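Asks:
In my numbering, the protein residues as written are 297 to 924.
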């Protein structure tokens with residue numbers, strides 16, 4: 297590892313690069329990264345970003361636990377995940393850099409542009425920490441370049457913590473030849489509610505960074521872009537979900553703030569009133585669910601947004617919605633658990649609780665978008681399902697989709713996305729409030745005040761007259777009809793698409809945000825001649841049809857998930873005691889196929905390389921078993 301400045305190097309053209317911008321929380325790394333990622337996307341590069349957010353609200357500065365920032369992977373082709381390791385890093389102090397080193401996030405030859413002030417800092421303790429950090433990282437061949445971020449920022453602003461991020465952005469703009477006009481527009485948009493001088497100062501800082509890099513760095517990377525055939529937009533999953541809710545005609549959102557779901561309400565609150573809707577911030581998660589159910593019962597199109605701990609609090613009300621058959625869309629932006637768990641980290645641990653997490657038999661639809669684009673369209677789909685089948689629909693995203701940024705084709709609005717007006721004509725005499733069609737389980741939706749529609753609403757078991765009933769046949773019929781609706785819905789689903797051959801040695805099954813990383817890993821294995829394919833499930837309850845037949849065409853099936861499973865061979869772990877990944881558990885129960893799993897819950901998205909290594913290990917163990 298060398299701290300000497302890199303001398304003149306030929307300009308390198310590369311198909312893609314991954315950049316990290318890391319600092320203490322509150323020093324603007326997120327903003328710098330957002331502008332850089334947006335600029336890359338608007339220039340025509342494929343982009344995927346991942347936020348690095350500390351679990352604490354205000355962690356102590358200059359510690360490994362205070363690391364905040366963003367990873368930006370961008371390339372000539374479409375990018376679907378954050379990749380394996382970063383090739384260049386902007387680091388404002390040695391401890392945040394050390395945290396990324398310990399997580400093996402940086403390539404062995406990563407170029408690191410590290411703040412220069414710590415090497416000879418007046419504080420002896422900070423100098424010692426700096427020396428110790430570099431010593432710990434000396435096993436790698438990092439190319440460390442010292443950059444005077446604070447010193448240069450102070451030439452333009454009084455507080456370097458409010459300027460060095462934009463200076464760093466200028467350095468990145470020069471290294472990767474980014475379009476300055478796009479950067480300036482992004483800065484102007486971000487600071488549009490601030491005085492003009494704020495925008496001007498930030499642009500001045502960017503230009504200073506460009507000038508410094510031009511004078512002091514002798515290298516550049518060219519990542520070519522591909523011209524668009526159609527208009528594209530750039531956003532994260534929470535923004536996409538919010539806009540999808542508006543496109544679907546949802547008229548109200550009730551929620552209580554919770555990481556990482558809160559920004560959905562921020563996005564909605566900026567525009568939904570223009571479309572006649574409202575965002576209601578309730579006093580707690582329970583109240584938010586109640587308000588949404590009440591709005592839906594009154595004939596509106598309601599949404600409630602939360603994360604895992606909020607879902608736990610909403611449980612009783614969600615069961616009520618199922619019992620009274622009120623349409624409701626629930627967006628669960630998953631995070632690490634249990635309990636408060638990892639509020640800012642990625643996990644896929646709410647699958648089983650979303651399907652089975654209410655008292656009694658309470659069937660509902662559970663779906664999981666796989667891309668940021670699907671976060672938009674899933675809200676449209678969820679509304680149609682909820683209102684057609686008078687049920688609740690839970691949409692499972694996660695922190696990876698919520699905060700990641702990707703470009704995709706601008707969706708054209710379709711009036712068919714918005715459900716027609718509810719029939720509020722007088723109820724025919726003799727029609728019972730829950731007069732289920734015994735073939736489909738469906739009944740007419742009645743709105744309060746509808747002529748002839750007077751009925752009782754209760755969470756207790758009831759008959760078709762809506763009256764409380766403890767008669768065995770009434771309870772049995774209600775159970776059957778609520779379940780029948782899901783069977784009817786399942787009959788409308790298509791079999792999942794298979795990426796790769798329709799048969800082979802191994803099928804990798806995933807769900808949600810893991811799709812991009814799994815496909816990259818499978819492609820690596822297939823390029824080596826291995827007979828491996830993958831499919832990514834979008835509907836988890838009910839499951840997409842034909843799975844058992846699909847699984848039968850492969851020698852082995854394995855799920856890849858961001859949740860916990862026991863490792864065979866660990867102490868006390870036997871075939872009888874082993875806990876499987878949540879999707880694996882679900883698929884084993886539904887198909888009776890001996891499905892294995894590889895899971896990991898590190899608090900961050902899965903890396904293609906890790907999935908690839910486990911694919912190879914599974915294939916080799918299968919081959920050994922056959923040979924034996």
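Beta carbons are placed, not taken as given, at the ideal position from N, Cα and C, and that holds for glycine.
The structure presented is a predicted model; accordingly, all values stated were derived computationally and were not measured.
Quick check: the segment 553-573 against the segment 372-380, are at least 3 beta-carbon pairs closer than 8 angstroms?
Replies: Judged by Cβ distances under 8 angstroms, the segment 372-380 makes no contact with the segment 553-573, as fewer than three pairs qualify.
Asks: So, helix, strand or coil for residue 302, using DSSP?
Replies: Locating residue 302 in the chain shown gives position 6, where the first residue counts as 1. With a pLDDT of only 49 at residue 302, under the threshold of 50, the placement of this residue in the model should not be trusted; the figure read from the coordinates follows. DSSP places residue 302 in coil when its eight states are reduced to three.
Asks: Just to confirm the assignment, what range does the beta strand (DSSP E) spanning residue 713 have?
Replies: To locate residue 713, count along the chain shown from 1; it is residue 417. Note, residue 713: premise wrong, no beta strand (DSSP E); not H, not E.
Asks: Could you name the residues of the same chain whose beta carbon sits closer than 6 angstroms to that of residue 342, not counting the 5 residues immediately before and after it, in chain order?
Replies: Here residue 342 refers to the residue found at position 46 of the chain shown. Answer for residue 342: 371, 373, 374, 375, listed in chain order.
Asks: Rounding to the nearest angstrom, what Cα-Cα distance links residue 877 and residue 893 in this structure?
Replies: Reading the chain shown from its first residue, position 581 is the one you call residue 877. Reading the chain shown from its first residue, position 597 is the one you call residue 893. If you take the alpha carbons of residue 877 and residue 893, they lie about 6 angstroms apart.
Asks: Is residue 643 closer than 8 angstroms to residue 606 when the C-beta atoms are compared?
Replies: Counting from 1 along the chain shown, the entry for residue 606 is found at position 310. Counting from 1 along the chain shown, the entry for residue 643 is found at position 347. No, these two residues do not count as a Cβ contact at 8 angstroms.
Asks: Between the beta-carbon of residue 408 and the beta-carbon of residue 441, is there less than 8 angstroms?
Replies: As a working note, residue 408 is residue 112 in the chain shown. As a working note, residue 441 is residue 145 in the chain shown. Against a cut-off of 8 angstroms, the Cβ pair of residue 441 and residue 408 comes out as a contact.
Asks: Quick one: using the 10 Å Cβ neighbour count with 16 as the cut-off for buried, is residue 467 buried or exposed?
Replies: Against the chain shown, residue 467 aligns to sequence position 171. Its Cβ being crowded by 16 or more others within 10 Å, residue 467 is buried.
Asks: Beta carbon of residue 841, beta carbon of residue 789: below 8 angstroms?
Replies: By one-based count along the chain shown, residue 841 stands at place 545. By one-based count along the chain shown, residue 789 stands at place 493. Yes. Within cutoff.
Asks: Measuring alpha carbon to alpha carbon, tell me which residue in 533, 433, 593, 391 is nearest residue 701.
Replies: One-based indexing of the chain shown puts residue 701 at position 405. Looking at the Cα atoms, 533 is the closest of the given residues.
Asks: Less than 7 angstroms between C-beta atoms, sequence neighbours within five positions excluded: which residues of the same chain meet that for residue 585?
Replies: As a first step, residue 585 is located in the chain shown; it is residue number 289 there, counting from the start. Once the five neighbours on either side are set aside, the close Cβ partners of residue 585 are 600, 610, 613, 614.
Asks: What runs of the beta strand (DSSP E), each 3 residues or longer, lie entirely inside the segment 837-913?
Replies: 850-857, 892-895
Asks: What's the gap between the Cα of residue 480 and the Cα of residue 500?
Replies: Stepping through the chain shown from its first residue, residue 480 is reached at position 184. Stepping through the chain shown from its first residue, residue 500 is reached at position 204. If I take the Cα positions, the gap works out to 10 angstroms.
Asks: At which residues does the beta strand (DSSP E) containing residue 346 begin and terminate?
Replies: Translated into the one-based positions of the chain shown, residue 346 becomes position 50. Its beta strand (DSSP E) spans residues 342-348.
Asks: What residue from 452, 604, 339 has the CA that sits closest to residue 522's CA?
Replies: In the chain shown, the residue the question calls residue 522 occupies position 226. In terms of Cα proximity to residue 522, the closest of 452, 604, 339 is 339.
Asks: Within the chosen definition, does the segment 843-863 reach the segment 673-680 through at least 3 CB pairs nearer than 8 angstroms?
Replies: no
Asks: How big is the Cα-Cα spacing for residue 312 and residue 369?
Replies: Residue numbering aside, residue 312 sits at position 16 when the chain shown is read from its first letter. Residue numbering aside, residue 369 sits at position 73 when the chain shown is read from its first letter. Residue 312 and residue 369: Cα-Cα distance of roughly 7 angstroms.
Asks: Taking Cβ positions, are residue 814 and residue 832 nearer each other than 8 angstroms?
Replies: Within the chain shown, residue 814 is the residue found at index 518, counting from 1. Within the chain shown, residue 832 is the residue found at index 536, counting from 1. In this structure, residue 832 lies closer than 8 angstroms to residue 814 by Cβ.
Asks: Excluding the five sequence neighbours on either side, which residues of its own chain have a C-beta within less than 8 angstroms of the C-beta of residue 633, listed in chain order?
Replies: Along the chain shown, one-based indexing puts residue 633 at 337. 604, 605, 643, 645, 646.
Asks: Could you check whether residue 809 and residue 910 sit closer than 8 angstroms to each other, using their CB atoms as the reference points?
Replies: Position 614 of the chain shown holds residue 910. Position 513 of the chain shown holds residue 809. Their beta carbons are not under 8 angstroms apart, which means residue 910 does not touch residue 809 by this criterion.
Asks: Could you give the distance in angstroms between the alpha-carbon of residue 301 and the alpha-carbon of residue 454?
Replies: Against the chain shown, residue 301 aligns to sequence position 5. Against the chain shown, residue 454 aligns to sequence position 158. For residue 301, the predicted model reports a pLDDT of 49, less than 50, meaning its position is unreliable and no value from the coordinates is stated.
Asks: Would you tell me roughly how many angstroms separate the C-alpha atoms of residue 362 and residue 423, rounded to the nearest one?
Replies: In the chain shown, the residue the question calls residue 362 occupies position 66. In the chain shown, the residue the question calls residue 423 occupies position 127. Answer to the nearest angstrom: the Cα atoms are 18 angstroms apart.
Asks: According to DSSP, what are the bridge partners of residue 380?
Replies: Locating residue 380 in the chain shown gives position 84, counting from the first residue. Looking at the DSSP assignment, residue 380 forms no beta bridge with any residue, so it has no partner.
Asks: Could you spell out where the beta strand (DSSP E) holding residue 458 opens and where it closes?
Replies: Taking the first residue of the chain shown as position 1, residue 458 is located at position 162. Where residue 458 is concerned, there is no enclosing beta strand (DSSP E), given that its DSSP letter is neither H nor E.
Asks: Quick one: grab the DSSP three-state call for residue 413.
Replies: Within the chain shown, numbered from 1, the residue matching residue 413 stands at position 117. Three-state DSSP puts residue 413 in coil, outside helix and strand.
Asks: Let me make sure I understand the geometry here. Which of 827, 821, 811, 771 has the alpha-carbon closest to that of residue 798?
Replies: By one-based count along the chain shown, residue 798 stands at place 502. Per the Cα distances, 827.
Asks: Just mark residue 309 as buried or exposed, buried being the case when its beta carbon has 16 or more other beta carbons within 10 Å.
Replies: Position 13 of the chain shown, counting from 1, holds the residue named residue 309. It is exposed - the Cβ of residue 309 has fewer than 16 other Cβ atoms within 10 Å.
Asks: Hey, is the segment 714-723 in contact with the segment 661-669, meaning 3+ C-beta pairs nearer than 8 angstroms?
Replies: no
Asks: Check this for me: beta carbons of residue 590 and residue 743, under 8 angstroms apart or not?
Replies: Counted from its first residue, the chain shown places residue 590 at position 294. Counted from its first residue, the chain shown places residue 743 at position 447. Not in contact: residue 590 and residue 743 (Cβ atoms no closer than 8 angstroms).
Asks: Given residue 635, which residues of its chain have a CB within under 8 angstroms of its CB, disregarding the five upstream and five downstream residues?
Replies: Along the chain shown, read from residue 1 onward, the residue named residue 635 stands at position 339. If we look at residue 635 and ignore the five residues flanking it on each side, its Cβ neighbours are 605.
Asks: Of all the options 825, 735, 863, 835, which has the alpha carbon lying nearest to the alpha carbon of residue 912?
Replies: Stepping through the chain shown from its first residue, residue 912 is reached at position 616. Ranking 825, 735, 863, 835 by Cα distance to residue 912 puts 825 first.
Asks: Could you please give the first and the last residue of the uninterrupted alpha helix (DSSP H) stretch that includes residue 589?
Replies: Numbered from 1 along the chain shown, position 293 holds the residue referred to as residue 589. From DSSP, the alpha helix (DSSP H) with residue 589 extends over 581-593.
Asks: Spell out the partners DSSP gives residue 320 in its beta bridges.
Replies: In the chain shown, counting from the first residue as 1, residue 320 sits at position 24. Answer by DSSP bridge pairing, in chain order: 363.
Asks: Take residue 621 and list the residues in its own chain whose beta-carbon comes closer than 6 angstroms to its own, dropping the five residues that flank it on each side.
Replies: In the chain shown, counting from the first residue as 1, residue 621 sits at position 325. Excluding positions up to five away in sequence, the list reads 686.
Asks: With respect to the alpha helix (DSSP H) encompassing residue 611, which residues constitute its N-terminal and C-terminal limits?
Replies: Within the chain shown, numbered from 1, the residue matching residue 611 stands at position 315. Segment 604-620, the alpha helix (DSSP H) holding residue 611.
Asks: Take residue 355 as the anchor and find which of 866, 806, 322, 475 has the nearest alpha-carbon.
Replies: Stepping through the chain shown from its first residue, residue 355 is reached at position 59. Checked all of 866, 806, 322, 475; the closest Cα to residue 355 is 322.
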